[in-house]
Structures are given as structure tokens and as C-alpha cells.
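> Our numbering puts the first residue of the sequence shown at 68, with every later residue one more than the last.
Starting off with a structure, shown below.
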Amino acid sequence: MAARTGGRRRPFAAVLAANTVSIAGTSLTMIGVPWFVLQTTDSPARAGVVAFCATLPVVVAALAGGPVIDRLGRRRVSVASDLVCGLSVAAIPLLHYAGLLEFWMLCALMAVGGLAHTPGMTARNVMLPDLAEHAGTTLARASSLYDAVARGARMIGAALAGVLITVLGAEAVLLLDAATFAVSAALVAAGVRGFAAAEPQPAAAAVSFASYRAELREGYAFLLRTRLLLGVTVMVMLTNGLDQAWNAVLLPVHAREELGGSGGLGLLIALFGGFAFLGALLYGAVGERFPRRVVFTVAFMIGGPTRWLVAACTDTTLPLAVTMALAGLGMGMLNPILSVAFYELVPDSLRSRVTGVSTAGCELTMPLGGLAAGLLVEGTGTTAALLLLGGVYLLTTLAPLVFPAWRTLDGTGARRGPAAVSSSGPGRPSAGPAVRTPHPPAS
């Protein structure tokens, strides 16, 4: 019996392990690339340009990728995505060591990685309800564990990045990230082989541009007529752009100017990730006892704008470190809430398409976030940029209190959208980079 249970849990464990390794590696790049750009160019604006090039293809891939994931199979897409991302990241330090790396090459390589990254993440995320059912656990617990593992991986990656950049340099950190993509690809390739939800899904019509366009249109139509999902997507679109400004430009610049360098940066991101890990576990343990909208709103207000305002008012590490810990605790609760709501509302037959559309919407402002922050810092200074964008963040977090559609966040399973009811797919209740459900704005 134990062996049989272990076998049923193996696909879920393999995807969790792959996400852990991949996200830990991505955290290395999240710190390593901005630091590499700042070291080699001394320009916040150029760091913003690189962030723009890395995130614009993410939106393009999300807009069009849903039907492709279903046709090719989630396992194949995940593996191919990791391999392409690993090669693009590895090329940056290798070209630099050879003395061949130009700024446009760095931008192009980051764009290739961004284009490949989202389909792989989406492919793994949309399998979560099937993985949870196969493993014999509830969706809420699986979503919380899935997000907690991602948060913990970010914490580990950030802590390692701060140390390794200081000891070995940003180039070595990028090579390590490339290796993590290879490990992730191997785990998914072996761990979900033969798992039905990971294989190509049968198409309702012959493969053609017209059928592809029709499938894509179904995802857009479902999102537009489901007001809660539309509201979540718009809100997270705004906060994801702001978080990209924070991660790619403002926090690295603030750390370099005021907090002693990459070590301080790694510490802050590790604290945020560690407490976000605890927040996700906490919600998985007791969160279902409380109204979702209340928990979501309070957690978002604690986790969102506070970081910006404290960073603008202090030039020491301790106050911001405490703030990042509390912010992480709040942010860790967001993805599990939105994940469960998303899977309750969207039937299995539309999951990849709606996920792709919602991901694209949530990430629409991310290319502009880093670019705008870089230009704003050079034009007005770091403190003014933090105060201005932090104020916008604060206003955005009030959306669940203002707009009526958010009231349906409690009990979404009882209010499933019309497409969920009439779909020919399974339609059973089956998720923050964020989209499993639309990405919540977590770092």
C-alpha cells in the first residue's frame, strides 16, 4: 500500500522538485543579471532596458501559448522551455569570458529566455489540479504547498546569490542558474512520463490556423465574461509592473547605494522569500477558516506598498529587513487564494488557454515596469521613484474593497462561470511569478 501511495505521489513530487530547482536558479538570475549590468555599465537605465527585453517576450508567449501547450503536451513544453532558458542564460557569461558580449547580445539572450520561460511555467502550473487528485490531497493544500516550495526556493536562491556574487562574481552565478534549468528539465522528463495530464490533449478540430485562433478566442472570451478573473488580472497587471520595477531596478540600486552591495540585496530577498514560504504554509494550514477576500486584502496591503515606503525613508538595512519579512508573510498567502479560485472557476478543457490569457494580462505591464523605473531613477533619484511608485502600489491594493466583483472571491466554487458549467471538459474544481492563476505580485 505504501509503495502504491508513493507511486501516486511521484508525479506531484517530481513537479515540485523541478519547480524548486528552477525557481532557485531563477532567483540567482534575478539578482545576478541586474548586478552584472550595474557593474559593467553603471547605468540604472540600462538595467531597465534589460528588464524590458526579458519581460516583453514573456507577454507575447503567454498571449499565444495556451493552445500550443495542449497540442504539444505539458511535459514536452516544460522540458523544452527549461533547456532553451538554460542555454540562453549560459551564453551570457560564456560570451563575456570570451570578450564577445555586446549590450545588444545581452538584451537578445534575455529576450530568448523570457520567450521560453512562460510556456514551461504554465505547463507545470496547469497540471496542479490533476497532480493533487492523483496524489490524494486537496487542491487548497496542494496549491499552498506548491507556492510555499516556490517561495522557499526563491529564498534559497536569493541567499546564495548574495554570497556567490561577492565570492565568485555575477558571471559564475549565471552559469549555476543554467545548470538548474537542466536539472529541472530532467526531473519533469522522468517524473511525469506516462501521466495523462502531461501528455498532448486531443484537439476538437484538425490543426489549422483557424482552429488555433478559435481555441485562443475561447480563453479570451471566458476571461472577459468572468468578472472576478478579469478584476484579478487587471489588479495584478498593475502590481506586477510595479514589482518588476522594484526587483529589476529600485531594490538593486538602493542596495548598491545604501545597503552595502549584493550581500544586503541577497539578505533582503531571502528574508522576503523565507517569510513568504511561511505565509503560504500558514494559509494552507488555517487559511480556509477565514473569508478569502479579507485575508487577501489585508495580506496584500501588508505585503505590497510597505516595502517601497520604508526603503524610501531609511538608509540602513534593519528596518527594511523587518519590513521585507512582514511583507513576505503577507504575500505568501496571495497565490494559494487566487490559485484555488482560478481552478474552481475554470474547467479543465479551458485551463491552459485561460491561464495563458490571464498570464499575459498579468504580465502586460512588466516590460514597462523595469524600463520606467530605470529612467525615473536617473531623472528624479531613487527616493522620489520609491515614493511615487509606492503610492501607486498602495492605491492599487484597495481594489478588492472598492469593486463589487471581488465579493465573489468567497465561495467561487458555488458561482462558476457559464463556460465552466456548459463545457464538454471535466469542469470540476480542479493559480501569485504570477499563473496557474494570474500571478500575484510576489517577488
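All residues carry an ideal CB built from backbone N, CA and C; glycine is no exception.
Values in this document were obtained by computation on a predicted structure and should not be read as measured data.
Starting from residue 453 and walking both ways along the alpha helix (DSSP H), at which residues does that stretch end?
Segment 449-463, the alpha helix (DSSP H) holding residue 453.
> Quick one: grab the DSSP three-state call for residue 357.
Three-state result, residue 357: coil.
> Using the Cα positions of residue 421 and residue 107, report the straight-line distance between them to the nearest angstrom.
Each residue's alpha carbon lies about 40 Å from the other.
> Can you list, in chain order, the residues of its chain whose CB lies under 6 Å from that of residue 215, leaving out five sequence neighbours each side?
344, 347 and 348, listed in sequence order.
> Which one of 424, 173 and 90 has the shortest CA to CA distance from residue 184?
Considering only alpha carbons, the answer is 90.
> Candidates 189, 82, 381 and 248: which alpha carbon is nearest residue 419's?
Residue 189 is the option with its Cα nearest to residue 419.
> Assuming residue 375 is part of the alpha helix (DSSP H), what are its boundary residues?
Note, residue 375: alpha helix (DSSP H), 372-380.
> Can you name the start and end residues of the alpha helix (DSSP H) that residue 390 belongs to?
Per DSSP, residue 390 belongs to the alpha helix (DSSP H) from 384-398.
> Count the other C-beta atoms from every protein chain shown that fall within 10 angstroms of the C-beta of residue 86, then say buried if there are 16 or more, exposed otherwise.
Residue 86 comes out buried.
> Taking only three categories from DSSP, how would you classify residue 432?
Reduced to three states, the DSSP call for residue 432 is coil.
> Run the CB neighbour count on residue 78, radius 10 Å, all protein chains shown included, and call it buried at 16 or more, exposed below.
Buried, because 16 or more other Cβ atoms sit within 10 Å of the Cβ of residue 78.
> Does the separation of the CB atoms of residue 145 and residue 187 fall below 8 Å?
The answer is yes: Cβ separation under 8 Å.
> For residue 434, which residues of its own chain have a beta-carbon under 7 Å away from its beta-carbon, when the five flanking residues on both sides are left out?
Closer than 7 Å at the Cβ level, and outside the excluded window around residue 434, lie 119, 122, 123 and 126.
> Is residue 194 helix, strand or coil when you go by DSSP?
The answer is coil: DSSP assigns residue 194 none of H, G, I, E or B.
> So, residue 177 versus residue 117, is the Cβ gap smaller than 8 Å?
Yes, the Cβ-Cβ distance between residue 177 and residue 117 is below 8 Å.
> Could you check how far apart the C-beta atoms of residue 225 and residue 340 are, in whole angstroms? I think they sit under 8 Å.
So it is a contact: roughly 6 Å between Cβ atoms.
> Tell whether a beta-carbon distance below 8 Å holds between residue 140 and residue 266.
Yes, the Cβ-Cβ distance between residue 140 and residue 266 is below 8 Å.
> Helix, strand or coil: which one does DSSP assign to residue 325?
Helix, per DSSP.
> Run through DSSP, which three-state label would residue 266 get?
If DSSP states are grouped into helix, strand and coil, residue 266 belongs with coil.
> So the alpha helix (DSSP H) residue 142 belongs to, where does it begin and stop?
141-164 is the span of the alpha helix (DSSP H), which, as asked, contains residue 142.
> List the whole-angstrom C-beta distance separating residue 436 from residue 309, where the pair is believed to meet the contact cut-off of C-beta under 8 Å.
With a Cβ gap of about 6 Å, residue 436 and residue 309 count as contacting.
> Please list the terminal residues of the continuous alpha helix (DSSP H) segment that includes residue 239.
First-last of the alpha helix (DSSP H) with residue 239: 237-258.
> By how many angstroms is the C-alpha of residue 423 removed from the C-alpha of residue 142?
Roughly 16 Å between the two C-alpha positions.
> Residue 158 to residue 326, Cα distance in whole Å?
Going from the Cα of residue 158 to the Cα of residue 326 covers about 30 Å.
> Relative to the C-alpha of residue 311, which residue among 257, 465, 220 and 453 is closest?
Here the closest residue by C-alpha is 453.
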